[in-house]
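Some notes on the structure that comes next.
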Amino acid sequence: MAVATRGMTVAAGAFSPPPKVDSAVLHLVPRSTPLVLPEQIPAFRRLVTGLFSYRRKRMHRAIREALGLAAAAAT
Numbered sequence: 383m384a385v386a387t388r389g390m391t392v393a394a395g396a397f398s399p400p401p402k403v404d405s406a407v408l409h410l411v412p413r414s415t416p417l418v419l420p421e422q423i424p425a426f427r428r429l430v431t432g433l434f435s436y437r438r439k440r441m442h443r444a445i446r447e448a449l450g451l452a453a454a455a456a457t
């Protein structure tokens with residue numbers, strides 16, 4: 383979708399209330415050629431949404447669900 387490069391660091395004190403970690407600004411530049419074909423976008427969105435919905439050890443479940451493998455694994 384885009385090329386991400388790390389920009390400046392933002393100290394925790396710049397926020398109220400301050401978090402326990404510093405933050406960074408990301409620069410996103412759209413790619414000239416997309417990595418995901420238009421017909422793959424719905425599955426890609428399900429995958430990304432699923433990955434951000436689960437904690438670390440449950441990512442395999444999100445991948446199975448995005449690929450439609452959850453129902454097949456249950457049978």
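First residue of the sequence shown: 383, per this note's numbering; consecutive thereafter.
Glycine included, each C-beta is placed from N, C-alpha and C at the ideal position.
Quiz prompt | Separation of Arg428 from His409, as counted between CA atoms | solution = 24 Å
Quiz item: Hey, how far is the Cα of Val403 from the Cα of Ala394?
Solution: 6 Å
Quiz item: Where do the ends of the beta strand (DSSP E) carrying Ala444 lie?
Solution: It is not in any beta strand (DSSP E) - Ala444 instead sits in the alpha helix (DSSP H) that spans 441 to 448.
Practice problem: Taking Ala384 as the reference, give the member of Thr431, Ser414, His442 with the closest Cα. | Solution: Ser414
Practice problem: Inspect the beta-carbon positions of Met441 and Leu451 and report whether they are closer than 7 Å. | Solution: no
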